[in-house]
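Single-structure report; data block below.
Protein chains: 2
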Amino acid sequence: MAGKDVGNSEEKEQKDIGITVKKSEDFSEWYQQVILKSEFADYSAVSGCIVYRPESYLIWEKIQRIVDARLKKLGIKNCYFPLFIPERLLKKEATHLEGFSPEVAWVTHAGDTELDEKLAIRPTSETIMYDSFARWIRSWRDLPLRTAQWNNVVRWEFKHPVPFLRGREFLWVEGHTVFASKAEAEHEGLEITQIWEDVLKEYLAVAFFTGRKSKKETFAGAEYTISLESVLPNNKAIQGPDFHHDGQIFAKAYDIKFLNKNGENEFAYQNTWAISTRMLGVMFGIHGDDNGVIVPPRVAITHVAIVPILYDDTMDQVLKECRKLQEELSSTMYHGETLGVLIDDSNYKPGWKYHHWELKGVPLRIEFGPKDLEKKQAVLVRRDTGVKITVPLHEVTAKAKEILDEMQEHLYQKSVAIMNTAIITVHDMAAFEKALDERMIVYAPFCNSPACEDQIKAQTGAKTLNSPLEQKNSEMKCVSCGSVTKEYFYFGRSY
Amino acid sequence: MAGKDVGNSEEKEQKDIGITVKKSEDFSEWYQQVILKSEFADYSAVSGCIVYRPESYLIWEKIQRIVDARLKKLGIKNCYFPLFIPERLLKKEATHLEGFSPEVAWVTHAGDTELDEKLAIRPTSETIMYDSFARWIRSWRDLPLRTAQWNNVVRWEFKHPVPFLRGREFLWVEGHTVFASKAEAEHEGLEITQIWEDVLKEYLAVAFFTGRKSKKETFAGAEYTISLESVLPNNKAIQGPDFHHDGQIFAKAYDIKFLNKNGENEFAYQNTWAISTRMLGVMFGIHGDDNGVIVPPRVAITHVAIVPILYDDTMDQVLKECRKLQEELSSTMYHGETLGVLIDDSNYKPGWKYHHWELKGVPLRIEFGPKDLEKKQAVLVRRDTGVKITVPLHEVTAKAKEILDEMQEHLYQKSVAIMNTAIITVHDMAAFEKALDERMIVYAPFCNSPACEDQIKAQTGAKTLNSPLEQKNSEMKCVSCGSVTKEYFYFGRSY
Chain A
0 MAGKDVGNSE EKEQKDIGIT VKKSEDFSEW YQQVILKSEF ADYSAVSGCI
50 VYRPESYLIW EKIQRIVDAR LKKLGIKNCY FPLFIPERLL KKEATHLEGF
100 SPEVAWVTHA GDTELDEKLA IRPTSETIMY DSFARWIRSW RDLPLRTAQW
150 NNVVRWEFKH PVPFLRGREF LWVEGHTVFA SKAEAEHEGL EITQIWEDVL
200 KEYLAVAFFT GRKSKKETFA GAEYTISLES VLPNNKAIQG PDFHHDGQIF
250 AKAYDIKFLN KNGENEFAYQ NTWAISTRML GVMFGIHGDD NGVIVPPRVA
300 ITHVAIVPIL YDDTMDQVLK ECRKLQEELS STMYHGETLG VLIDDSNYKP
350 GWKYHHWELK GVPLRIEFGP KDLEKKQAVL VRRDTGVKIT VPLHEVTAKA
400 KEILDEMQEH LYQKSVAIMN TAIITVHDMA AFEKALDERM IVYAPFCNSP
450 ACEDQIKAQT GAKTLNSPLE QKNSEMKCVS CGSVTKEYFY FGRSY
Chain B
0 MAGKDVGNSE EKEQKDIGIT VKKSEDFSEW YQQVILKSEF ADYSAVSGCI
50 VYRPESYLIW EKIQRIVDAR LKKLGIKNCY FPLFIPERLL KKEATHLEGF
100 SPEVAWVTHA GDTELDEKLA IRPTSETIMY DSFARWIRSW RDLPLRTAQW
150 NNVVRWEFKH PVPFLRGREF LWVEGHTVFA SKAEAEHEGL EITQIWEDVL
200 KEYLAVAFFT GRKSKKETFA GAEYTISLES VLPNNKAIQG PDFHHDGQIF
250 AKAYDIKFLN KNGENEFAYQ NTWAISTRML GVMFGIHGDD NGVIVPPRVA
300 ITHVAIVPIL YDDTMDQVLK ECRKLQEELS STMYHGETLG VLIDDSNYKP
350 GWKYHHWELK GVPLRIEFGP KDLEKKQAVL VRRDTGVKIT VPLHEVTAKA
400 KEILDEMQEH LYQKSVAIMN TAIITVHDMA AFEKALDERM IVYAPFCNSP
450 ACEDQIKAQT GAKTLNSPLE QKNSEMKCVS CGSVTKEYFY FGRSY
């Protein structure tokens, strides 16, 4: 429940754990340092795979609980399908195979035995699940079938890995649902998108724009994809959680039919959707600063770090008062859970502890020493702004909750500002290219043709992010090919 | 929230879902049928890997919550390490490699690219975790390091797979902890074993005997292994959760050293421990009967199935009363959670519904029809005994909780009886072999020599299960080789 004891090499250690670059000057290097030095993640012996250390994994658990409760309310039931997918199953839906096969890790041997058929490690579970769904679903009475699984997936990317944001193994929940009608299936899209939006806004404090993916960027095997896209402080866009409406595409490939109420056999309508541990990286990348991680209060494990200022003559009284504070705070309800509160009574100097808990991103620090004991007060320091206030002891709990709420809202607003400042609307390719060179996210009319998107990519390096679901629908000319379109798209150089 | 509507083929379906063999006559066949027909699990397209359908997965989630809360109380922190283990890491501890390598699934390719080094799918995570631990641990201040991960592991068994009990992929929590002293590490053994015993007894209602594994059966790389062994109704033993004290064996292989308080470098002391989804199978196998699964109330998702007896003229009133009952019951606290209560208002006949919810193992059924409406009563039917009682409506909630508690205790006592009846003490090989032929678990003095155990295995097909931690310590002769020993061991033909 604390830091580390003082050692001879205290100063050296202090230097080791500090971040040596400014976030504003070199985001990539800053990000790597902040993730590693905060002990949120570590590299592993397997290239491209990280260790999710407790500091980050426990936050993921919290996100799991939040999302899982919302999904269960919708009637979605968790299950678990095998990690392995036989090659023949993966091959059944051609677009899907094409989308994933370059990144599939293949198991070819067990012990010394070569397998008869090589097995894919799931990059996603459509193919193995739908093989079962085809057997389970007979009639409209078996529908809707709404399942999800929390698991690990592997996509053997050959691009440069970045902890949480891009790696060869990640954790997620993948939802796979089957309906008797397209309308019901599409309605689920609204429910799921609403959950994603609430989680990003209310908990992760991450701004986003929701929209439909271009034809080229639509999920392999889906009719359309809805995505939430966020913007990192280096103005790079990154895709967050998504929702895919598959129509009857997979149903036809995997023969998922049901007897409808008219006694006719009909292919079912399907959706898939997911949120992954990538969001940890998005959250850490957006909120952190030159002192370390900043964890939004609603997903923090430790909300308050109490640092006693210890001198021999007042040590016992100061510690006693800190423990009283801890007890009071940790029995306080904060949005349906109790606050996480630690006392750092290690032998390090107060300054070391301040830096340590800042690095770890604890939202609120309380400093308490002999002077505070005397004046019956405590000093509260907010992690994101660094603002210090002195509060009478009996007001600490109320004030702490107030600060946490303010901080949560402030982090979100900052993220909104980062996003809004990054976006610029353009209507011709000269402005498009200039904006990209200035590292902006571009908002431009686009015809949604895959060939035209390829052309833009080749010319500028940018790809579409998504297209807002509601637009004015006036006729415009595509920024690249000039053909008529009614849709704006976001473009960017993305992760 | 209910079964299925009535179809033309109702009778056929009813027959399909019934169990066609008696548990007492053919346990293996009964077990397979009960697991599949209850829709608790299904076979998958990958040989030896099952689908954990929601009916069983949601129970596993409940076990996770129970175990996780206990582990968190001990200060154990969850994390997540890669699925993959490079071959060179797996090779570092020779005994460990030897123990697992015949069952390792190997990834050799990613996309079309052959990997430079083949990667094992984790059969357990010692080797990948300890590689990190060696970097993280510097001094006594970094200890204890107590971590666990909930994940999937793969052991490519070539024996006949049995759903939950033996398969190529299963789910578990694996604990990996590091201490500065042997005493602390061994103390954790008491804490963890206590959790395992409480979970089996209080929640799964599964009887067990705790003991130390023989030298031959000790975990590959451990100094000693403590296991909980249970007995299935076919008198076969099956190993449940375990605890391994590794001493400094892994620390030496993976170079996990710390600077102790005397300023000297010392190898750390380690433990590993686990509980897995195998326990679902043990629980279903022990408690189920010829009508289907029986889920112990403390781990049930649905505790009560209300079946209304519907006639046209009283339908509305009966359903209204059922909904009142549901509301009352589902807002009732039962051991810290609310009761799960469903109303089956589908169009099937009541008899169909009774069978359906019996098959699914719901602990308590409430029947409610026009006569009950008139008399302000309800009929409560307990799943395990089939005992029906009629209770005034205002007493239903209290009585339901009472029945659930009685049932929980009764299931455990039945499991104890199965276990005790299965065990016989012998002191010579003639009695040993006779007992095994009669499908008993044998309790016999044994010298604990691996060579002697090999000899017994060759002669009888039995292996040791474990040896009670506290014994009388009088001198006896080993049942096989006749050398002096002070220990009894359990032996059996096991899963």
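Residue numbers (numbering that gives the first Met the number 0), protein chains in the order written: chain A, 0 to 494; chain B, 0 to 494. Glycine is no exception: its CB is placed at the ideal position from the N, C-alpha and C atoms.
Let's see if you can read the secondary structure: which residues bound the alpha helix (DSSP H) around residue i?
i, result
"B/K181", "K181 to D197"
"B/K456", "P449 to T459"
"A/Y253", "I248 to Y253"
"B/Q325", "M314 to S329"
"A/N419", "V395 to A421"
"B/V45", "Element bounds for B/V45: n/a, residue is neither H nor E."
"A/S131", "E125 to W135"
"A/H354", "P349 to L358"
For residue i, return the contacting residues in chain A, with the cut-off set at a CB-CB distance below 8 Å.
i, result
"B/I127", "S43, A44 and V45"
"B/E327", "The premise fails here: B/E327 is roughly 21 Å from chain A at the closest Cβ pair, so nothing lies under 8 Å."
"B/P85", "A44 and V45"
"B/W105", "V106, T107, H108 and A109"
"B/T301", "Correct list: empty, because the minimum Cβ distance to chain A is about 12 Å."
Please list the partners that residue i has in chain A, where partner means a Cβ-to-Cβ separation under 7 Å.
i, result
"B/R52", "C78"
"B/Y56", "N77, C78 and Y79"
"B/E60", "N77"
"B/D130", "A44"
Hey, out of the options, whose CA is closest to residue i's CA?
i, options, result
"A/K61", "A/R134, A/G339 and A/V33", "A/G339"
"B/E113", "A/V390, A/L114 and A/V103", "A/V103"
"B/E54", "B/T313, B/F39, B/C48 and B/G284", "B/F39"
"B/Y223", "B/E185, B/G17, B/K21 and B/E190", "B/E185"
"A/R145", "A/K214, A/D383, A/V106 and A/I75", "A/I75"
"B/E28", "B/P162, B/A421, B/K181 and B/P85", "B/P162"
"A/F505", "A/F169, A/S329, A/L328 and A/T94", "With chain A running from 0 to 494 in the structure shown, residue 505 of chain A is simply not present."
"B/D130", "A/Y30, A/F367, A/S43 and A/G17", "A/S43"
"B/F249", "B/E469, B/A221, B/T459 and B/W195", "B/A221"
Just to confirm before moving on: does the CB-CB distance between residue i and residue j stay below 7 Å?
i, j, result
"A/I255", "A/I120", "no"
"A/A236", "A/S479", "no"
"A/W171", "A/A273", "yes"
"B/V306", "B/D343", "yes"
"A/S466", "A/A206", "no"
"A/P232", "A/I417", "yes"
"B/R364", "B/V390", "no"
"B/V395", "A/P81", "no"
"B/F132", "B/S275", "no"
"A/M439", "A/A421", "yes"
"B/P122", "B/F99", "yes"
"B/E326", "B/L372", "no"
Looking at the C-beta of residue i, does it have a partner C-beta in chain C at a distance below 7 Å?
i, result
"A/P101", "Protein chains in the displayed structure are A and B, and chain C is not among them."
What residue range does the beta strand (DSSP E) around residue i cover?
i, result
"A/V50", "I49 to Y51"
"A/D25", "From DSSP, A/D25 is part of no beta strand (DSSP E); its letter is neither H nor E."
"B/K117", "T112 to I120"
"A/I365", "L363 to F367"
"A/Y489", "Y487 to G491"
"A/K256", "K256 to L258"
"A/L341", "V340 to I342"
Who are the neighbours of residue i on chain A, taking C-beta pairs under 9 Å?
i, result
"B/H95", "In chain order: nothing, as chain A lies at least about 15 Å away."
"B/L170", "Y79"
Could you list which residues in chain B have their beta carbon closer than 7 Å to that of residue i, in chain order?
i, result
"A/L118", "V45"
"A/W155", "A109 and G110"
Give the interface partners of residue i over in chain B, defined as CB-CB distance under 8 Å, in chain order.
i, result
"A/S536", "In the structure as shown, chain A starts at 0 and stops at 494, and residue 536 of chain A therefore has no counterpart that could be examined."
"A/W195", "Neighbours of A/W195 on chain B: none; closest Cβ ~22 Å, over 8 Å."
At least three beta-carbon pairs within less than 8 Å, the segment 396-412 of chain A to the segment 285-301 of chain A = yes
Does the count of Cβ pairs from the segment 175-187 of chain A and the segment 251-269 of chain A closer than 8 Å reach three?
-> yes
Evaluate contact between the segment 278-290 of chain B and the segment 353-373 of chain B, counting only Cβ atoms and requiring at least three cross-stretch pairs below 8 Å.
-> yes
Counting Cβ pairs closer than 8 Å, one from the segment 483-492 of chain A and one from the segment 438-448 of chain A, do we hit at least three?
-> Yes, since at least three Cβ pairs between the segment 483-492 of chain A and the segment 438-448 of chain A fall closer than 8 Å, the two stretches touch.
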